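Numbering (the working numbering), first residue to last: 2 to 628.
Virtual Cβ for every residue (Gly too), placed ideally from N, Cα, C.
Quantities reported herein were computed from a predicted structural model and do not represent experimental measurements.
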């Protein structure tokens with residue numbers, strides 16, 4: 002009924018009911034089931050909704066009986082004056098039922114919203130946990146920001162509608178309609194039979210539309226995601242569109258996708274409209290059938306009035322029940338996408354009982370570390386306090402190597418040791434506190450400069466903040482900014498120059514007081530002043546530094562150079578030390594066998610391979626490969 006599986010019973014609303022957290026050590030790559038709708042305290046909320054529906058059913062039966070008696074009393078008295086027997090008592094009972102009905106409707110709305118919001122909180126938390134725990138090589142792969150955001154928000158909205166307007170209404174409407182049928186049975190069994198038959202036929206017809214509704218919802222959501230992805234990407238990069246004169250072309254692409262989205266939305270509206278039309282027809286047919294049955298049964302004015310009163314109560318829940326298929330179909334489509342997201346791989350983290358990273362100066366050791374398709378088995382050791390420069394061609398795996406050393410990417414083989422301890426077997430919080438990272442793949446977040454610096458450690462006091470700011474050279478920047486630490490920062494560091502962003506990122510990396518500092522091309526595309534700030538950070542850092550760079554001066558100042566070529570890690574001396582030892586003699590080359598055309602050229606004083614001599618040799622009967 003709730004459309005999902007899994008999650009332990011007894012979970013509180015808002016608590017995470019999904020896969021084990023990072024500390025359980027059982028996450029792995031196994032698919033995580035979404036939180037169940039009816040689990041934990043939500044079961045009690047659902048039970049309260051059923052109780053509300055039962056109360057409304059009792060009120061409906063009492064309302065029909067009182068209205069019938071009131072109509073009978075008026076008929077016997079012949080007027081509506083106070084002389085009618087028991088009229089004041091009946092009026093008091095009717096007023097009490099009106100107040101009780103209003104209170105029950107209020108409780109239904111609050112409980113339904115609580116049920117939906119609690120489930121949405123759990124699902125949102127599960128999705129965020131899965132995204133945040135994605136391996137570095139998988140995070141964001143194949144997904145645009147616009148499409149991902151729309152899927153997440155749209156899916157959660159569909160789940161909330163099913164919980165609040167679907168399942169909650171079902172919990173209330175079923176007991177209420179049962180009570181209305183019971184009231185009809187008290188009035189006349191024929192009325193109850195007619196009302197029950199018409200209701201069953203209407204609900205069955207709307208249920209038959211579920212496949213159509215599901216297909217329409219799926220197509221509309223897919224095209225809506227494409228439009229959102231296109232708009233978000235192009236709106237975020239208007240200068241790119243302008244620089245290449247693509248305004249009209251992008252407008253045509255957007256218009257085309259928008260038209261396809263409009264067509265899909267219209268098709269969905271047809272399916273939804275058909276379901277709602279059936280629902281409205283069911284309520285009207287039930288009303289007419291009840292009145293016809295009451296008239297045909299020869300009931301008196303009191304019974305007929307009671308039947309009309311109960312029909313008035315029955316119309317609203319019957320109309321809502323006929324929309325169940327609409328909400329259910331949208332929920333099924335959304336839940337399929339939620340399951341797909343939760344099935345993505347996640348990082349393997351040690352359990353809560355794992356040991357912390359031992360204290361140490363920052364010695365790094367690689368033991369047979371390999372990443373399939375990127376890095377061959379590599380073994381290297383870096384004594385504490387050294388500076389390692391990692392270089393190589395673009396795409397050679399430099400950033401992947403740094404991600405493996407940081408513990409963000411699990412190697413396919415081998416181990417990374419920090420001060421003799423395997424970082425994959427130590428608690429994640431201790432590893433994160435010992436390793437500082439900065440680079441273009443770790444952008445600043447929306448907020449202020451202070452919030453970005455403190456993001457690495459929310460509990461850091463002002464003394465540690467000042468130390469990190471001073472060590473990164475950020476204090477010089479803050480003196481130039483009117484708002485200082487409260488300077489606003491947009492997504493991705495917008496509002497700050499590249500050099501300013503880099504200093505904030507360095508301060509963020511230094512705040513936890515790490516013993517190992519990893520810099521992924523932290524000085525790329527920086528001016529001389531900003532690059533010097535990076536130089537000062539490296540020179541003043543007390544631990545070990547591993548920096549990815551292409552700058553010759555950075556390579557010369559390093560203690561050791563790791564050169565990646567063809568997936569193989571070569572450990573070299575820095576260029577300055579290699580120059581001091583003198584150039585190595587070139588390897589002897591095998592003499593190249595002269596071809597007949599080359600001999601022809603040498604006889605005429607031309608170098609081998611001369612094109613004119615080759616053509617002349619060919620005209621005189623010489624060919625390559627012939628003697």
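In this structure, DSSP gives residue 212 a helical state, which the three-state scheme calls helix.
Rounded to the nearest whole angstrom, the CA to CA distance from residue 262 to residue 284 is 33 Å. Membership of residue 479 in the alpha helix (DSSP H) is indicated by the continuous run 475 to 481. Annotation: the continuous alpha helix (DSSP H) that includes residue 188 extends over 169 to 188. Closest by C-alpha distance to residue 96, out of 122, 410, 182 and 63, is 63. Short of 7 Å from the beta carbon of residue 182, and not among the five residues preceding or following it, lie these beta carbons of its own chain, in chain order: 193, 196 and 197. In this structure, residue 309 lies away from residue 61, with their beta-carbon atoms at least 7 Å apart. Each of 94, 515, 536 and 513 was checked against the Cα of residue 524, and the nearest Cα belongs to 536. In the three-state reduction of the DSSP assignment, residue 558 falls in the helix class, which pools H, G and I. Judged by beta-carbon spacing, residue 166 lies within the 7 Å limit of residue 328, meaning their Cβ atoms are closer than that value. For residue 257, the enclosing alpha helix (DSSP H) has its first and last residue at 248 to 297. The shortest C-alpha to C-alpha distance from residue 429 to any of 366, 361, 402 and 357 is the one to 357.
For residue 134, the closest alpha carbon among the candidates 48, 159, 225 and 33 is that of 33.
Counting only the Cα atoms, residue 114 lies some 55 Å from residue 568. The C-beta separation of residue 490 from residue 449 comes to about 6 Å, placing the pair in contact by the 8 Å criterion. For residue 340, the enclosing alpha helix (DSSP H) starts and ends at 325 to 343. For residue 509, there is no enclosing beta strand (DSSP E); the enclosing alpha helix (DSSP H) covers residues 499 to 511.
Secondary structure of residue 431 (DSSP, three-state): helix. Contact between residue 401 and residue 438 fails: their C-beta atoms lie close to 14 Å from each other, not under 8 Å.
The Cβ atoms of residue 180 and residue 48 lie no closer than 7 Å to each other. Looking at the DSSP output, residue 382 bridges to 366.
In this structure, residue 446 sits away from residue 502, with a CB-CB distance that is not shorter than 7 Å.
Residue 473 and residue 410 have their C-alpha atoms spaced approximately 27 Å apart. Residue 392 carries a strand assignment under DSSP once its states are collapsed to helix, strand and coil. Around the CB of residue 481, fewer than 16 other CB atoms lie within 10 Å, so the residue is classed as exposed.
Of the residues 369, 499, 199 and 154, the one whose Cα lies closest to the Cα of residue 294 is 199. Residue pairing from DSSP leaves residue 231 without any beta-bridge partner. The three-state secondary structure of residue 360, taken from DSSP, is coil.
Residue range 450 to 455 is occupied by the alpha helix (DSSP H) that includes residue 450.
Residue 190 sits exposed, since fewer than 16 C-beta atoms from the chains shown fall within 10 Å of its C-beta.
Within the model, the alpha-carbon separation for residue 544 versus residue 221 is close to 55 Å. In the DSSP assignment, residue 401 falls within the unbroken alpha helix (DSSP H) covering 399 to 407. Between residue 493 and residue 452, the alpha-carbon positions lie close to 14 Å from each other. For residue 547, the enclosing beta strand (DSSP E) has its first and last residue at 545 to 549. Judged by DSSP secondary structure, residue 439 falls within the beta strand (DSSP E) whose first and last residues are 436 to 439.
Under the DSSP assignment, residue 517 falls in the beta strand (DSSP E) whose first and last residues are 517 to 521.
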